[in-house]
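I have placed the structure first, in the form of structure tokens, so that the comments after it can refer back to it.
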Amino acid sequence: MASTLTNLLYHIVFTTRKRQDLIIPALFIELYPYIGGIIREEKGKLLKIGGTSNHIHLLARFSASGSVSEMMRRVKGSSSKWVNENSKSASHFTWQRGYDAFSVSESSVGNVVSYIENQEEHHRNTTFEEKFLRLL
10 MASTLTNLLY HIVFTTRKRQ DLIIPALFIE LYPYIGGIIR EEKGKLLKIG
60 GTSNHIHLLA RFSASGSVSE MMRRVKGSSS KWVNENSKSA SHFTWQRGYD
110 AFSVSESSVG NVVSYIENQE EHHRNTTFEE KFLRLL
């Protein structure tokens, strides 16, 4: 066989440093497409992005030629630099060290998309920590 076929689908969660509420609604509008561009540059595909003022969820397909750790290094490094150069926020923007990554089966994509789309509602009555423990 002369080619490689992979279907590497991940649900990834990462937070602002100390879970500070730094991602204001006006920032979502530009930050989300920027992150999508980083993933495309790395030959991946962002299927869904969402979050709250202190964390982001991604549902993405990654290329077989890269690794999750390399992709997240690029996403977090480039996006924090971009926010600091383009945001009018007085706070220095940084992401928390690390991230959470879960493999996703095709049959679960709809549930993960729904979960990401409803982050504000999910966190209205439940803390990030409680939701995270349910993912495990």
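Here the sequence shown is numbered in the working numbering, starting from 10 and rising by one per residue.
Glycine included, each C-beta is placed from N, C-alpha and C at the ideal position.
Fill in: Neighbourhood of Leu67 by C-beta distance below 6 angstroms, restricted to the same chain and skipping five residues each side
Ile21, Ile58
Fill in: Short Cβ contact (8 angstroms threshold) for Ser89 with Phe102
yes
Worksheet item: Does any C-beta atom of chain B lie closer than 8 angstroms to the C-beta of Ser96?
Response: No chain B is part of this structure, which consists of one protein chain only.
Fill in: Where Lys90 sits in the DSSP three-state scheme
helix
Discussion item. Taking the alpha-carbon of Asn120 as reference, which of Thr13, Tyr19, Leu14, Ser12 has the nearest alpha-carbon?
Written reply: The option with the nearest alpha carbon to Asn120 is Tyr19.
Worksheet item: Whose C-beta lies closer than 7 angstroms to the C-beta of Thr7 among residues of the same chain, with five residues either side of it excluded?
Response: Examination of residue 7 is not possible in this model, given that the chain is present from 10 through 145 alone.
Item to complete: Provide the residue span of the alpha helix (DSSP H) that contains Ile38, from first to last.
Response: 34-50
Discussion item. Taking only three categories from DSSP, how would you classify Ile108?
Written reply: Looking at the sequence itself, residue 108 is Tyr, so the reference to Ile does not match. Three-state result, Tyr108: coil.
Worksheet item: Val84 and Ile44: beta carbons closer than 8 angstroms?
Response: yes
Item to complete: Per DSSP, which residues does Thr103 bridge with? Please list them.
Response: In DSSP, Thr103 forms no bridge with anything.
Discussion item. Just to confirm before moving on: does the CB-CB distance between Gln105 and Thr25 stay below 8 angstroms?
Written reply: yes
Worksheet item: So what does Arg83 bridge to, in DSSP terms?
Response: Looking at the DSSP assignment, Arg83 forms no beta bridge with any residue, so it has no partner.
Worksheet item: Leu31 and Ser100: beta carbons closer than 8 angstroms?
Response: yes
Practice prompt. Specify the secondary structure class of His75 as computed by DSSP and reduced to three states.
Written response: Here residue 75 is Gly; the residue named in the question, His, does not match the sequence. Gly75: coil per DSSP, three-state reduction.
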